[in-house]
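See below for the structure under consideration.
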Amino acid sequence: MRGTHAGLALVALLAAAPVASRVAPFVVQEDAIVAPLDSLTGDPTRGEAVVRNRETANCLICHTIPGTTEQFMGDIGPPLAGAGSRLVPGQIRLRLVDPTLVNPDAIMPPYHRTEGLLRVDARYRGQPVLTAQEVEDVVAYLSGLKE
Amino acid sequence: MTAGRRTTRALLLALPWLALGLLAGAAEIRPTRDYLSPELRRAQDDPSRHPGWLWVEEGEALWQDGERSCQSCHGGIGAMAGVAARYPAVAVDGALLNLEGRIERCRTQQQGQPAFGYESEPLLALTAAIALRSRGMLVDVDTEGPAAPFMGEGRRFYETRQGQLNLACGQCHDDKAGQHLRGDVISNGLGTGYPAYRLDWNTLGSLHRRLRACSLGVRAEQLPLGSAEYLALELFLASRAKGQPIEAPGLRR
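These protein sequences, in sequence, are chains F and B. Heads up, the first sequence is in our numbering, so the first residue is 1 and it goes up one at a time. Heads up, the second sequence is in our numbering, so the first residue is 1 and it goes up one at a time.
Written out as structure tokens, the structure is:
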């Protein structure tokens, strides 16, 4: 009986582990996260797809990107053209993970954070908007947007 | 004095006001109709091109319907002029009621009928028909006395970041009004046009239905229609809309 309980507890722990680790650990230095999340390598082509996806990050609801025929892009945030000239990859990474780390009043949502958020809908609770891999892909894409 | 000098002088006199205007810039509220496309604005003003009028006509019929009709106590529906501009309001028992809540109370307590139910067609129709009687009148909601605690709750809800996207209402509706989310223009987030016919709903709906869409937009929990949180928020939105015209039934994208 005891063994079964212990076994069940272990199963529960294993099941919970991936949820708890959905947000990759990171270290903030100045206004940057220098090291890639989970030491992953980003892919700019996948990153562009993430940026254009309306269902997940939906970046274009607020930003414009260069060189596309995309219609109806927003003007809340700065244009992403030249992002790679204005910011180094570590600065882009931090702004994607959680812009309030650099500006507490930032309007831009945190894309890789689950803690300290209020009334999150059950469908999204405990999950970041973007996975660590997706964040790295977007970092790779934006870093390549030079002016 | 030359024309140039007069202009300079006028500018100098205006400077303190311009500065004040800039300071207050974030708080500037404009009626939602100002943010509509010209076509939508024209259609909102034209009953023959506004599908919301189907509900208005239905509501006017309901007003006179039954033995203990609304009309049997209140007289013609014209007597409702100005009512929508004063709601939400605190009832004698201390409850905060919006127009829908007031109608449902009348229905159950005065008319001895079962409640229509939030978002039901007859309730939307009566609300639209009654709100139309205040069209063009300026919002003059009471926010003091018994309404004050509700105001506080509504303001807190409005100013608190929420959802997976960690956004507070005001970050868009105060600070970014007039700018674009994709193809949509952000308004000041007033409730003055509700109930409204929304093209993306293809039907008439209540303000609380719209608020549920806002909640989902920031990936926050959607609260029930008529919930205490949305009622308090509705009062706070009305306080921001003081002095703005009622547009209901509105026409929205």
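All C-beta atoms, glycine included, are put in the ideal place defined by N, C-alpha and C. Since the structure is predicted, the reported quantities are computational estimates derived from the model, not experimental observations.
Item, Value
"Test: residue 125 of chain F CB closer than 9 Å to a CB of chain B", "yes"
"Residue 184 of chain B in three-state terms, based on DSSP", "strand"
"Rounded separation between residue 55 of chain B and residue 199 of chain B - CA only", "15 Å"
"Own chain partners of residue 133 of chain B with C-beta closer than 6 Å, once the 5 adjacent residues on each side are dropped", "80 and 81"
"Extent of the continuous beta strand (DSSP E) to which residue 251 of chain B belongs", "250-252"
"C-beta contact flag for residue 110 of chain F and residue 98 of chain F at 9 Å", "yes"
"Residue nearest to residue 202 of chain B in terms of C-alpha spacing, selected from B:50, B:222, B:127 and B:39", "B:50"
"Check whether residue 157 of chain B and residue 97 of chain B have beta carbons under 9 Å apart", "no"
"Inter-residue spacing [alpha-carbon to alpha-carbon] between residue 168 of chain B and residue 211 of chain B", "13 Å"
"9 Å Cβ cutoff, residue 44 of chain B in contact with chain F", "no"
"Start and end residues, beta strand (DSSP E) containing residue 198 of chain B", "196-198"
"CB of residue 141 of chain B within 9 Å of CB of residue 88 of chain B, strictly", "yes"
"Any C-beta of chain B under 9 Å from that of residue 27 of chain F", "no"
"Residues near residue 244 of chain B in its chain [Cβ-Cβ closer than 7 Å; skip 5 each side]", "29, 31, 138, 139, 190 and 192"
"Three-way DSSP call (helix, strand, coil) for residue 45 of chain F in this model", "helix"
"Own chain residues within Cβ distance below 6 Å of residue 100 of chain F, not counting five before or after", "106"
"Sufficient close CB pairs (3 or more, under 8 Å) joining the segment 126-137 of chain F to the segment 63-79 of chain F", "no"
"Terminal residues of the alpha helix (DSSP H) in which residue 160 of chain B lies", "Residue 160 of chain B -> no alpha helix (DSSP H), and no H or E assigned at all."
"Residue 29 of chain F - DSSP class collapsed to helix/strand/coil", "strand"
"Contacting residues, own chain, Cβ-Cβ under 8 Å from residue 71 of chain B (five flanking each side not counted)", "63, 64 and 77"
"With 16 other Cβ atoms within 10 Å as the buried cut-off, status of residue 85 of chain F", "exposed"
"Buried or exposed by the 16-neighbour rule on C-beta atoms within 10 Å, applied to residue 101 of chain B", "buried"
"Where the segment 165-176 of chain B meets chain F: residues whose CB sits under 8 Å from a CB there", "165, 166, 167, 171, 172, 175 and 176"
"Minimum Cβ-Cβ distance from residue 221 of chain B to chain F less than 9 Å", "yes"
"Buried versus exposed, by CB contacts within 10 Å (16 or more), residue 120 of chain F", "buried"
"Chain B within 9 Å of residue 89 of chain F, Cβ atoms only", "no"
"9 Å Cβ cutoff, residue 2 of chain F in contact with chain B", "Low local confidence applies: a pLDDT of 42 at residue 2 of chain F is under 50, so the model's placement there is unreliable, and no value is given."
"Among B:59, B:94 and B:53, the one whose alpha carbon lies nearest that of residue 148 of chain B", "B:94"
"Length-filtered (4 minimum) alpha helix (DSSP H) runs lying within the segment 79-104 of chain F", "83-86 and 89-97"
"C-beta neighbour in chain B for residue 74 of chain F, strict 9 Å", "yes"
"Buried versus exposed, by CB contacts within 10 Å (16 or more), residue 176 of chain B", "buried"
"Segment contact, 8 Å Cβ cut-off, at least three pairs: the segment 102-114 of chain B with the segment 36-51 of chain B", "no"
"Segment limits, alpha helix (DSSP H) that includes residue 216 of chain B", "207-217"
"Residue 257 of chain B at chain F interface by Cβ criterion, 9 Å", "The structure shown does not extend to residue 257 of chain B, since chain B is modelled only from 1 through 253, so no value can be given for it."
"Candidates F:114, F:71 and F:94: closest to residue 33 of chain F by CA position", "F:94"
"Simplified DSSP state of residue 38 of chain B, which is helix, strand or coil", "helix"
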